[in-house]
Structures are given as C-alpha cells and as structure tokens.
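Engineer: For reference, each letter of the sequence shown is one residue, going 1 to 368 in my numbering. Ideal Cβ positions, reconstructed from N, Cα and C, are used throughout, including at glycine. Keep in mind that this is a model prediction, so the values were computed, not measured. The structure's right below; bear with me while I get my questions together.
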Amino acid sequence: MQMTDYLPLPGTPIEDLDTPCIIVDLDVAESNIAKLQAAANDMGIDVRPHSKTSKSPYWVRKQIEAGAIGVCCAKLGEAEVMVEAGILDVMIPNQVIGTSKIARLIAIAKSANIIVAVEDSGNIDDLSDAAKTAGVELGVIVEVNVGMDRCGVDGHNALDLAKQIESAPGLRFDGLMGYEGHVVAERDFEIRKTEVEKSMGILTGAAQKIRDAEIEVRIVSAAGTGTYNISGRYPGVTELQCGSYIFMDGDYLEVFDDFEPALSVLSTVISRQKKDVAIVDMGLKSISMDRGLAEVISPSNASIMKHSEEHTKIALSDVDSQSLKIGDKVRSRPTHGDTTINLHEHYFGVRNGKLEEVIEIPGRGKFR
Ligand SMILES: Cc1ncc(COP(=O)(O)O)c(C=O)c1O
1 MQMTDYLPLP GTPIEDLDTP CIIVDLDVAE SNIAKLQAAA NDMGIDVRPH SKTSKSPYWV
61 RKQIEAGAIG VCCAKLGEAE VMVEAGILDV MIPNQVIGTS KIARLIAIAK SANIIVAVED
121 SGNIDDLSDA AKTAGVELGV IVEVNVGMDR CGVDGHNALD LAKQIESAPG LRFDGLMGYE
181 GHVVAERDFE IRKTEVEKSM GILTGAAQKI RDAEIEVRIV SAAGTGTYNI SGRYPGVTEL
241 QCGSYIFMDG DYLEVFDDFE PALSVLSTVI SRQKKDVAIV DMGLKSISMD RGLAEVISPS
301 NASIMKHSEE HTKIALSDVD SQSLKIGDKV RSRPTHGDTT INLHEHYFGV RNGKLEEVIE
361 IPGRGKFR
C-alpha cells in the first residue's frame with residue numbers, strides 16, 4: 001500500500017473529508033494572491049512572497065504566475081524544496097551559518113539564482129570561500145535591523161559589509177533587506193504607519209549611503225502582510241516579502257481585512273459525554289496555539305476550551321451547538337497559520353463545498 005492511499009478523491013464533500021486536516025478555500029487564497037499583486041503593481045513595487053506560510057511550491061507557482069519575481073524562504077531546507085520543484089529564483093532573508101549549511105547553499109546556487117542575507121563579516125568570508133571554490137556566484141543582501149532587534153546590523157554599519165561583499169570573490173552584492181516584524185501586527189493603522197516609516201527610513205538611508213559610495217543597490221526588500229501598503233509606498237523600497245496574506249489567520253484578521261481568511265482546520269467530534277462539551281480529534285499535533293486558541297467557525301456558539309496532544313475540548317453554549325453529535329465536523333480558524341501548516345503534509349483545497357485538489361506541503365518541517 002502506498003502512503004498516499006488514504007487521501008480523498010476530488011469531488012469529496014468537505015464534511016466527508018477525513019480529519020484532522022487543513023482546508024484551504026481555493027477561491028479565497030487565489031483572490032488574496034491577485035489582490036496583493038494588483039496592489040503591488042499599483043504601487044510600482046515587486047513581490048517576492050515569503051513561503052514560510054505556504055511551504056509549498058504549488059502556491060509559490062500561483063504567486064509567480066500572478067506576477068511575483070521569485071520566492072523568499074526562511075530556511076535553507078525550504079529553499080532546497082523550492083529549487084527541487086523548479087522554482088529557480090530564491091531569496092533566503094535569513095542567515096546561513098556553518099560549513100554544512102553553506103555547502104548545501106552552494107549546491108543549490110549551482111542551479112538557481114540564490115540570494116542570502118548576511119550580517120557578519122566572518123560569514124561573508126565563509127560564503128565567499130565556498131562560492132569561489134565551487135565556481136558559483138551567490139547573491140548577497142545585507143540585513144539591516146530596522147527596529148525589530150532580531151537579526152541585522154545597524155543602518156550605518158551596512159556600508160562596510162556592502163564593500164566587503166563587493167570585493168569578495170564568488171559573491172554578488174544585491175542590496176539590503178530589513179523586516180519590520182515589530183510592527184506588522186500593530187492594530188492601529190496610524191501607529192503602524194508611523195513606525196513603518198521610521199523603519200523604512202533606516203533601510204533606505206542605509207541604501208543611500210551605499211549608493212553614495214558608488215555601489216549599486218538593486219534590491220531593497222522589506223514588509224510583512226500588515227505593512228504591505230506602507231512599506232510598498234515608501235520611496236526606495238523595491239520589493240515586498242509578505243507571506244501570511246495568502247491565507248490570513250486569526251491573528252492577522254485582528255489587524256485588518258485587506259485579505260480574507262482561506263485557512264481552517266477540520267476536526268471530527270469523537271466524544272459527547274457532557275451536554276455542553278464536545279471532544280474533537282484535533283490537538284496540538286494538528287493546530288498550533290503559539291498565538292492563542294483558534295476560533296471555532298462552525299458550528300456557531302462553540303469555542304475551544306483546551307487542547308491536549310490529540311484532543312480538543314469544545315464548549316457548546318447554545319441549543320444549536322449542543323445538537324452536535326459524534327461524527328459531526330467542527331471547523332476552526334488557527335490564530336497562527338504558519339505554525340499550524342507546519343504540522344500537516346497536505347492542504348485539502350476546496351471549491352464550492354467540495355475537494356478540488358490535495359496539495360502537498362513538502363516544505364513542512366524543513367527548518368534546518
Ligand atoms: C524576514 C521576514 N520577512 C517577511 C515575513 C513575512 O511576514 P508576514 O507573515 O507578516 O507576511 C516574515 C515573517 O515572519 C519574516 O520573518
């Protein structure tokens with residue numbers, strides 16, 4: 001028997017899908033892709049979507065068909081998945097450190113245009129040595145700390161690294177990136193705008209300093225979903241690296257409704273011992289709660305009380321929800337899509353209430 005034998009056939013009604021599983025509303029996800037691309041086209045900026053959300057070449061191909069110039073991957077393992085699937089323009093807006101990872105990076109750079117972020121002079125030397133030895137050209141961008149205080153150099157230190165990359169054999173200096181992750185989920189638009197403009201000021205200021213030194217800065221990459229229309233309008237930013245917009249999640253819906261929710265986790269009631277509580281077959285191994293408990297979207301008047309590994313307790317607060325029986329389905333929207341998707345091997349892509357396509361998630365778990 002093949003591992004995939006248990007997968008449902010196209011045409012299966014949603015309520016007959018085996019659970020727990022991720023459901024993606026294909027119309028909604030496709031419309032989110034089109035909306036971001038249309039907004040970017042209006043703003044005159046490129047889109048290089050972050051695949052840390054979908055972790056799937058299927059979705060990246062749709063984003064490229066819509067007009068994206070390539071893809072971002074958080075991890076080398078995800079980048080390998082994309083290159084293997086024939087997606088040959090890949091940015092890793094993250095540091096790749098250590099001999100074995102650099103060897104893997106160079107291996108994919110033999111067949112794809114790979115751009116990697118750096119913030120450290122020793123790492124630049126290591127990348128250059130490996131690229132030169134293999135006879136490949138590796139694109140490099142300097143990561144600037146634009147206020148998130150995660151990775152990245154202060155803006156005024158970017159020039160020294162740019163000069164080092166410019167003169168390093170095997171490396172091609174492509175530009176800068178800065179991720180304003182500290183403000184992407186700020187609920188108040190005016191505060192978000194003010195903070196993002198400060199961040200983009202740091203990033204584009206660093207780019208200007210490098211240009212003043214007569215070094216070309218081709219790429220200035222930034223933005224998450226919550227800031228696409230602020231960073232995207234900021235003069236000097238050249239591309240957007242948004243990820244979550246494709247499916248949205250409960251957390252982002254608190255920020256805005258520019259994009260619509262496409263993702264849910266379907267589960268089945270497996271126990272009904274109390275009038276006002278149902279137990280479903282979804283637990284921490286099939287839905288994440290790092291940003292809080294998911295919202296039950298059907299039935300209404302039901303809410304998640306508690307997860308354990310393979311079970312979830314659902315409170316049923318009215319007569320309708322209390323009519324839920326063993327075998328009935330419960331649909332929940334995760335608060336954080338990316339970490340939920342990472343738990344699954346497939347999306348069940350649905351349209352008009354039926355399964356249209358089973359979509360693989362080969363980038364799941366590729367965090368190395
Ligand atoms: C470096 C980087 N760029 C872009 C994104 C995309 O952000 P979002 O999911 O808000 O669209 C992330 C998200 O974690 C990120 O870490």
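Return the first residue and the last residue of the beta strand (DSSP E) that residue 138 is part of.
Structural biologist: Segment 138 to 143, the beta strand (DSSP E) holding residue 138.
Engineer: So which of 205, 128, 177 and 60 has the shortest CA-CA distance to residue 156?
Structural biologist: For residue 156, the nearest C-alpha among the options comes from 205.
Engineer: Please specify which runs of the alpha helix (DSSP H), each continuous and at least 4 residues long, are wholly inside the region 211 to 275, giving them in chain order.
Structural biologist: Listed in chain order, they are 228 to 231 and 250 to 253.
Engineer: Any heavy atom of ligand 1 closer than 7 Å to the CB of residue 184?
Structural biologist: For ligand 1, at least one heavy atom lies less than 7 Å from the Cβ of residue 184.
Engineer: Distance check for residue 338 and residue 79, CA to CA, integer angstroms please.
Structural biologist: Rounded to the nearest angstrom, the two C-alpha atoms are 16 Å apart.
Engineer: How far does the beta strand (DSSP E) with residue 122 in it reach, from first residue to last?
Structural biologist: Not the beta strand (DSSP E): residue 122 falls in the alpha helix (DSSP H), residues 121 to 134.
Engineer: Spatial neighbours of residue 375 within its chain, please: C-beta separation below 8 Å, excluding the five flanking residues on both sides.
Structural biologist: The chain is shown from 1 up to 368; residue 375 falls before or after that span and cannot be answered.
Engineer: Using a Cβ-based criterion (distance less than 7 Å to any ligand heavy atom), does residue 335 qualify as near ligand 1?
Structural biologist: No, since every heavy atom of ligand 1 falls outside the 7 Å radius drawn around the Cβ of residue 335.
Engineer: Apart from the five residues just before and just after residue 14, which ones in its own chain have a Cβ nearer than 6 Å to its Cβ?
Structural biologist: 350 and 353, listed in sequence order.
Engineer: Would the C-beta of residue 40 count as close to ligand 1, meaning under 7 Å from any of its heavy atoms?
Structural biologist: Incorrect: residue 40 has no Cβ contact closer than 7 Å to ligand 1.
Engineer: Following the continuous beta strand (DSSP E) through residue 309, name the residue where it begins and the one where it ends.
Structural biologist: Looking at the DSSP string, residue 309 is not in any beta strand (DSSP E), and its letter there is neither H nor E.
Engineer: Output the distance between the C-alpha atoms of residue 57 and residue 361, rounded to the nearest integer angstrom.
Structural biologist: Straight-line Cα distance between these residues: approximately 8 Å.
Engineer: Throw me the rounded Cβ distance for the residue 240 and residue 171 pair, which I believe falls under 8 Å.
Structural biologist: Their Cβ separation, rounded to whole angstroms, is 25 Å, which puts residue 240 and residue 171 out of contact at 8 Å.
Engineer: How many angstroms separate the CA atom of residue 135 from the CA atom of residue 107?
Structural biologist: C-alpha separation (whole angstroms): 11 Å.
Engineer: With 16 as the cutoff for other CB atoms within 10 Å, does residue 175 come out buried or exposed?
Structural biologist: So residue 175 counts as buried.
Engineer: Grab the span of the beta strand (DSSP E) containing residue 176 for me, first residue to last.
Structural biologist: From DSSP, the beta strand (DSSP E) with residue 176 extends over 171 to 178.
Engineer: Based on DSSP bridge pairs, tell me the residues matched to residue 115.
Structural biologist: According to DSSP, residue 115 bridges with 91 and 139.
Engineer: Compute the beta-carbon to beta-carbon distance between residue 150 and residue 201, rounded to the nearest angstrom, for a pair I have assumed lies under 8 Å.
Structural biologist: At roughly 18 Å, the Cβ-Cβ gap does not stay under 8 Å, so residue 150 and residue 201 are not in contact.
Engineer: To the nearest whole angstrom, what separates the beta carbons of residue 336 and residue 251, a pair I think is in contact under 8 Å?
Structural biologist: That pair is a contact at about 6 Å.
Engineer: Is the closest heavy atom of ligand 1 to the C-beta of residue 20 under 7 Å?
Structural biologist: Result no, Cβ not under 7 Å from ligand 1.
Engineer: Might you give, ordered along the chain, the residues of its own chain that have their beta carbon closer than 7 Å to the beta carbon of residue 173, omitting 5 neighbours on each side?
Structural biologist: Once the five neighbours on either side are set aside, the close Cβ partners of residue 173 are 140, 162, 165, 166 and 215.
Engineer: Does DSSP classify residue 68 as helix, strand or coil?
Structural biologist: Coil.
Engineer: For my contact list, residue 331 and residue 263 are in at a C-beta cut-off of 8 Å; report their separation, rounded to the angstrom.
Structural biologist: No, residue 331 and residue 263 are not in contact; Cβ-Cβ is about 10 Å, not under 8 Å.
Engineer: Per DSSP, which one or two residues make a beta bridge with residue 359?
Structural biologist: Answer is 347, bridged to residue 359.
Engineer: CA-CA distance, residue 1 and residue 25?
Structural biologist: Reliability of the predicted coordinates at residue 1 is poor, the pLDDT of 49 falling under 50, and the value obtained from them is presented with this limitation in mind. Cα-Cα distance, rounded: 30 Å.
Engineer: Does the separation of the CB atoms of residue 269 and residue 304 fall below 8 Å?
Structural biologist: Their beta carbons are not under 8 Å apart, which means residue 269 does not touch residue 304 by this criterion.
Engineer: Have a look at residue 61 and residue 22 and give me their C-alpha separation to the nearest angstrom.
Structural biologist: Whole-angstrom Cα-Cα distance: 20 Å.
Engineer: Is it right to say residue 348 is buried, meaning 16 or more other beta carbons lie within 10 angstroms of its own, or is it exposed?
Structural biologist: Classification for residue 348: buried.
Engineer: My guess is that residue 369 and residue 117 are in contact by the Cβ rule of under 8 Å, so how many angstroms apart are they, rounded?
Structural biologist: Nothing about residue 369 can be reported from this structure: the residues present for the chain run from 1 to 368 only.
Engineer: Is the region 229 to 246 in contact with the region 24 to 41, if contact means three or more CB pairs nearer than 8 Å?
Structural biologist: Taking 8 Å as the limit for Cβ pairs, the verdict is that the region 24 to 41 does touch the region 229 to 246.
Engineer: Comparing alpha-carbon positions, which option in 109, 123, 112 and 91 lies nearest residue 99?
Structural biologist: Per the Cα distances, 123.
Engineer: Cβ of residue 56 within 7 Å of any heavy atom in ligand 1?
Structural biologist: No, Cβ of residue 56 sits at least 7 Å from all heavy atoms of ligand 1.
Engineer: Assign residue 63 to one of two classes, buried (16 or more other C-beta atoms within 10 Å of its C-beta) or exposed (fewer than that).
Structural biologist: It is buried - the Cβ of residue 63 has at least 16 other Cβ atoms within 10 Å.
Engineer: In terms of residues, what are the limits of the beta strand (DSSP E) holding residue 23?
Structural biologist: That run of the beta strand (DSSP E) goes 21 to 25.
Engineer: Measuring CA to CA, which of 82, 66 and 65 is closest to residue 72?
Structural biologist: For residue 72, the nearest C-alpha among the options comes from 82.
Engineer: Judging by CA-CA distance, which residue of 253, 280 and 138 is the nearest neighbour of residue 186?
Structural biologist: Nearest option by C-alpha distance: 253.
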